[in-house]
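Beneath this line is the structure, given in structure tokens, with notes to follow.
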Amino acid sequence: MAVQEIALTTSGAPGNSLVDRLHGLVVTVDHKKLGLMYVGTAVGFLLVAGLLALAIRLQLAVPNNTFLEPDVFNRFFTMHGTSMVFLVGMALVSGFGNYLVPLMIGTRDMAFPRLNAFGYWMYLFGGLLLYFSYLGAPGLAGHGSAPDVGWFAYAPLTGPAFSRGHSTDYWILSLLLTSIGSTVSAINVIATAVSLRCKGMTLMRMPLLVWLMIVVNFMILLALPALSAAQIMLLIDRYLGGHFFDTQAGGSAVIWQHFFWIFGHPEVYILIIPAFACVSEIVPVFSRKPIFGYPVMVGATVMIGLISTSVWAHHMFSVGMTSVGNTFFAISTFMVAVPTGIKIFNWLGTMFGGRIRFDLPMLFCIAFLFQFLIAGLTGMMLGVAPLNWQLTDSYFVVAHFHYTLVGGFLFGMFAGIYYWYPKAVGRLLDRRLGLWHFWLFVIGFHVTFDTMHFPGLLGMPRRIFTYDAGRGWDTLNFVTTIGAVLQAAGILCFVINLVRSAKQGKLAGNDPWDAWTLEWTTSSPPAEYNFATKPEVRSRRPLWDLKHPEDPDWQYE
Amino acid sequence: MINDASLPLTSAASDWSLPSSRKVAIVCLILTETGLFSIFVAAYLFYLGKSLTGPTPREVLETPVIPTICLLGSSLTIMLAERALRRQHRRYFQLWWTITILLAALFLGATAIEWHRLITIDHLTISTNLFGTTFYSLVGLHASHVIAGLCLLTLVLFFSFRGLVTPAQHGRIEMVSWYWHFVDAVWVIVFTVVYVISR
Amino acid sequence: MLFVLAFAGVIGAGQVNPVLADIDRVTSILRPLSQPAQEIKETSVLVLTICAVIFVVVAGLLVYAIIRFRHRAGDELSEPPQVYGSNQIELAWTVLPILIVFVLMLVTARTIANIQNRKAPPSAVQATVIGHQWWWEIRYPALGIVTANELHLPASDDNKRQPTFLKLQSADVAHSFWVPQLAGKTDLIPNRENLMWIEPTKPGTYPGNCAEYCGTQHARMLIRVVVDQPDEFERWVRQQQQPAAAATNVTENGHVFFANSCVNCHTIKGTSAQGKFGPDLTHLMSRETLAAGAATNTTNNLRLWVRDPQKIKVGCLMPNMQLTDAEVDQVVAYLQTLK
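Going down the list, the protein sequences come from chains L, P and R.
The numbering of the first sequence is my numbering, which starts it at 1 and goes up by one.
The numbering of the second sequence is my numbering, which starts it at 1001 and goes up by one.
The numbering of the third sequence is my numbering, which starts it at 2001 and goes up by one.
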């Protein structure tokens, strides 16, 4: 489905029949097509994993519900989490990086186009393999179906004694594949951004998005191996009789948690920083001012990247670390608040004194700012280790990370899609449908996730397939489910808009937003070679210089 | 307004040069591989002495001096091969490259013999105890990188005999050697951790 | 945006009403009835206040910017002044968060130390809680008591401080012990021993859940902490220390229990039933619930459970023993003598 969407939206393929277009997609090494394929596939998985979430919410709408069997419920939340992080989040990161980085630095393709295609196909087949588990996991042993161990798959629940059949193997193998895809994509984006910048684009003249993509991809390179290594160890345990996480033979269940979160915490920054990147491009353009404090923004991002490597165990405050360990990880967690706060203030500083245009990308950015602020504050609350003992693994924490990943990451990605869709497709997304999407999704989001904090405070643990009436959770859960339905309606508007506007949208022209970075100098959609002549820049905003020759940026930078 | 990509060209900045993308990529690859090895090394060190049953490293491990010399020597020979290529001495290149391959093969052969001895005589397999699990995993992970390197090296030699490796390809060959140096460097760590510290 | 605040208010208020009817069953972490939950609540109020102030200030600035600097008719003719940044301002909003964070660090470090560094006084009750898929084994090694799913302990008062110190272990996968009104979570992890303590002052029954996902029936792994007056607790201890009433005199009904495989998994103190895999049944009838809170302990539920546990708790590790109706009646009759 997702692939067909792309087929409709890409132009310039030789021949026009569907088969020709599909063939064009399979053999392409063009970074723009691959970028769109990433985004399209991610949207496809978003729909699937979103439906899983909807089913989860329906099950929890009322106490003692029997809509889903316990095992089915456990599979659903595992598949939902795994898909959203690895098949939606990571793919959007790769997709935005692939599509935008070469255009923004004024080059014609990625450093390694074929490697790029390889990365996409690894990701796609990894994702398909995960869902194939529904058919394949019963295997010869006949046990189980899709993975049901949760997206962080704590040992020893994943060990051969407690997870029979092959469902956990599908979880491991499919993620190893997508990790290979993410890794080569990360290498590619870094090599491109470092080595292929157009003439004049020094590091401190790169658009912020490119800077943030470099940081994110470095984090991918450093964090993903921890997951891969742990998964390889788990495979050794499951197939060769190893004892890495075998508590019967002296193995440690806690070390899995360490390895997982050494990956897992950077991972959530890997997801949120591309949203920062989109916001950092969009807020200036719609405020009609350059980004406030560019060097500080770069520094703050690098700081976030560095600090993120030493906060992982704040996911593990309840495993019984020493008071010294708990204090250390609480402190390092608070330190993240400093660069993050700086970023929020700089976005505000950009808006101050501007003339803010409320086009759709900006609306999503404003919602992002507001929601990310709350997510950051609840994050700080969770960093207070004693409070975390109460809140971790409760619905409060579920609400918190959905606030960051939906209210932050996804809103940032929506802003990005509304902003760059005209560049990629040549037509603007319909404003009326877009407003429907925006308001349904914002309202649905708040109804769901604002409410969701409260059952956590009232003692509702996460990942339970049902609960008894009368502990104060009933009404709250029902309201949460209503919000989920509203969000689904919003997403439906979004998908209809994506498909319809590709044919019927208003023509965009090269530069519909009166923006300043290089991608807006070329045609929409850009030709396969991106730029007829290689551009050359003298400041961070080459198009500003061009449009305002009387007052160019390079006089001030 | 603005059509197509015609930004004004300024005259300056003719000395615009950036690092080779190939080098950046291989450095990135080495970085992420380092991450992978770090976790396995961490697991090895964490489980040191935590096995519930024997055998222990002290009982069964012998320091692999000759294989280590082979592997470290291969770093030297690959450097010599590379230099020969740069100086357009094709024969010398092939000679040093072949020696590199032989040294790598010797290293692998020695590992095979060591493992055979451990399994058949000392009855240490990957499922015996935590030591077995972590030992075979870490050393095996490294050995699999040696095997991958060996495949690359052999491929290059094959191309060379077909006359396809010319000094123009030096940049590419250099990347193979960087990878190989990395594999050797990892061995220094693995050797220290497995054969020095843990005994 | 105001919508959210209003909404939060409505929910906050609305939460009280349905709850007032049954307030004792609401396990809010903001209604603690024991240390350390009390101290955590006090910390959380401070943290919440700080966060609320930050929220109001920053969200206020955001709203102000949106209104004050919105695009107006005629603006498209020119661009606003281009401002690139200001080092003084950057410095200000770097230092300010650092100060706030510093306060939080101190508060956190102090609370962690207060809670984690507490040593058990000699008067403390010592218990061991062992997580199983999907029930809790509770042992009082010093008192020689083994029970399941209901942790009894004495209320502490100022005259006689009597905290309870728990050793937490797991027999299979990771679990987490969470009774929100008493304390935060501590995980039960195989091949590891964790410690926690609680010191409730008010008698009552406090429900809680397993808070670490542990497989199929994670949702039905409920714990009840029963806080008794000290003299009541003494009585409970003496009663639990007795062998089962029926132990010396196994009736006809009991033979069905012993003839089937029940004894392979369950212990009844004083009899030949010494299985360790399932909960100890010596004083089954003294407990309020069956199957870790999956059902209340009534005759009817007990009968349903003995007939087919999978009907009540699908996936649980107790199999359907395929007993006939008559056998079920006999086993239930026997179990009901285990007071």
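From the three backbone atoms N, C-alpha and C, an ideal C-beta is built for every residue, glycine too.
Everything numeric in this text was worked out from a predicted model, so none of it was measured.
- At a cut-off of 3 residues, the continuous stretches assigned as beta strand (DSSP E) that sit fully inside the stretch 2192-2238 of chain R are 2194-2200, 2204-2210, 2222-2228.
- Excluding residues up to 5 positions away in sequence, T1128, N1129 lie with their Cβ nearer than 8 Å to the Cβ of T1053/P in the same chain.
- The secondary-structure analysis by DSSP pairs Y2140/R across a beta bridge with I2145/R.
- Identification of chain P residues near M219/L by a Cβ-Cβ cut-off of 8 Å yields none; the smallest Cβ-Cβ distance measures about 11 Å.
- DSSP, read as helix, strand or coil, puts W2178/R in strand.
- Beta bridge pairing from DSSP links R75/L with no other residue.
- S2034/R is bridged by DSSP to P2200/R.
- In the three-state reduction of the DSSP assignment, G250/L falls in the coil class.
- The beta-carbon distance between P274/L and V93/L, rounded to whole angstroms, is 5 Å. This is short enough to meet the 8 Å contact definition.
- DSSP lists L2290/R as the beta-bridge partner residues of A2295/R.
- Apart from the 5 residues on each side of it in sequence, S2034/R sits with its Cβ closer than 6 Å to the Cβ of L2182, I2198, E2199, P2200 in its chain, given in chain order.
- For V338/L, a Cβ of chain R is located within less than 8 Å of the residue's own Cβ.
- L1150/P is not a Cβ neighbour of W1097/P, given a cutoff of 8 Å.
- Within the DSSP secondary-structure output, L507/L pairs in a beta bridge with R427/L.
- Against chain P, the beta carbon of V194/L has neighbours under 8 Å at L1018, P1019, S1021, V1024, listed in chain order.
- Secondary structure note for E1174/P: its alpha helix (DSSP H) is the uninterrupted segment 1170-1191.
- When secondary structure is reduced to three states using DSSP, E536/L falls in the strand class.
- Taking 4 residues as the minimum length, the alpha helix (DSSP H) runs contained wholly in the stretch 388-466 of chain L are 395-402, 411-425, 431-457, in order along the chain.
- By the criterion of at least three beta-carbon pairs nearer than 8 Å, the stretch 2329-2338 of chain R is in contact with the stretch 2298-2306 of chain R.
- Interface flag for D2308/R against chain L is unset, since no Cβ pair is found closer than 8 Å.
- Contact annotation: Y294/L and G2085/R have beta-carbon atoms nearer than 8 Å.
- At least one C-beta of chain P is nearer than 8 Å to the C-beta of T183/L.
- In the structure shown, the three-state DSSP call for G2131/R is strand.
- A residue is called buried when at least 16 other Cβ atoms come within 10 angstroms of its Cβ; P549/L does not meet this threshold and is exposed.
- At a Cβ-Cβ threshold of 8 Å, A2127/R and I2138/R count as neighbours.
- In this structure, A508/L sits near S524/L, with a CB-CB distance shorter than 8 Å.
- Shown here, I105/L sits in coil according to DSSP, grouped into three states, outside any helix or strand.
- Residue nearest to I356/L within the set G2074/R, K2119/R, Y2206/R, C2265/R is G2074/R (criterion: CA-CA distance).
- If only uninterrupted alpha helix (DSSP H) runs of at least 4 residues are considered, those enclosed by the stretch 2027-2077 of chain R are 2037-2068.
- The Cβ atoms of F1107/P and L1071/P lie closer than 8 Å to each other.
- Beta-bridge partners assigned by DSSP to L2151/R: V2225/R.
- Any Cβ of chain L closer than 8 Å to the Cβ of Q2126/R would place that residue at the interface, and such an atom is absent.
- Nearest Cα to I272/L within the set D109/L, D553/L, L209/L, L234/L: L209/L.
- If the five residues before and after N477/L are omitted, its C-beta is found closer than 7 Å to the C-beta atoms of L60, A61, P455, all from its own chain and listed in chain order.
- Taking 8 Å as the cut-off, the Cβ atoms of T2094/R and P386/L do not count as close.
- Chain P has no Cβ within less than 8 Å of the Cβ of I273/L.
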